[in-house]
Amino acid sequence: MTARDHFTDPPPRRLGALGIIRTSAGAVLMTEKGQDALRGVERKPWFHPGGCVEENEPILDGLVRTISAKLGITVKPGRLLAVHHMYDQQHKTHLSKEGINFLFDCGVIDEETPFVFGDSIQGTRWMLPDELDEHLTPFTAARTHAALRALSGGDVEVLAGHPL
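Here the sequence shown is numbered in UniProt numbering, starting from 1 and rising by one per residue.
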């Protein structure tokens, strides 16, 4: 416990709004960040569509805005699937700033849907659930698996930190 008044002087935290977009065959859409966006760090470049919510922006509005800006499509967010609290922590391959990511169901689309890339996105890839651990960072894979469990009838999971 700190002496800080968290109501009048809250700590800075990033708020992420991420979408789980799938094909009818169960593949999950991941976006590939360009090297400029990765700032020279060595890590797997695949992330969920979405991004950071702006100050005073409703989280679902931020999700729709960031996916539109990065992929050129409009999604209709559904239910919350997972919440992931990331710690402010240095890792071997990257620095993680503290933030809370909310993953929402953004539905099923055709895998041939055309995208218009923006905001440092250089590509997309559809990944089947058994490919996630190979192609994603451990924390991205963990939150994706949690979201898929919720889509299969499970509860919303609250994750914290980076899995080993």
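Backbone N, C-alpha and C define an ideal beta-carbon position, used for all residues, glycine too.
At the level of alpha carbons, what is the spacing between residue i and residue j?
| i | j | result |
| --- | --- | --- |
| G154 | V75 | 23 Å |
| N56 | R149 | 31 Å |
| L159 | R143 | 7 Å |
| G161 | I73 | 30 Å |
| residue 184 | I109 | It is not possible to answer for residue 184, since the shown part of the chain is limited to 1 through 164. |
| P77 | I21 | 10 Å |
Between the options, which lies nearest to residue i when the distance is taken from Cα to Cα?
| i | options | result |
| --- | --- | --- |
| C52 | H135, K70, L159 and D133 | K70 |
| N101 | G62, E32 and L29 | G62 |
| F47 | P163, Q89 and M30 | M30 |
| F117 | R13, T66, Y87 and C106 | T66 |
Pull up the DSSP beta-bridge partners for residue i, would you.
| i | result |
| --- | --- |
| I20 | D105 |
| G99 | R14 and M86 |
| R125 | M30 |
| G51 | A17 |
Can you tell me which of the three DSSP states residue i falls into?
| i | result |
| --- | --- |
| V79 | Correcting the residue type first, residue 79 is Arg in the shown sequence and not Val. Three-state result, R79: coil. |
| K70 | helix |
| E131 | helix |
Under 8 Å, with one C-beta from each stretch per pair, do the segment 106-118 and the segment 135-143 reach the 3-pair mark? no
Give a yes or no on contact between the segment 18-31 and the segment 123-132, applying the rule of three or more CB pairs nearer than 8 Å. yes
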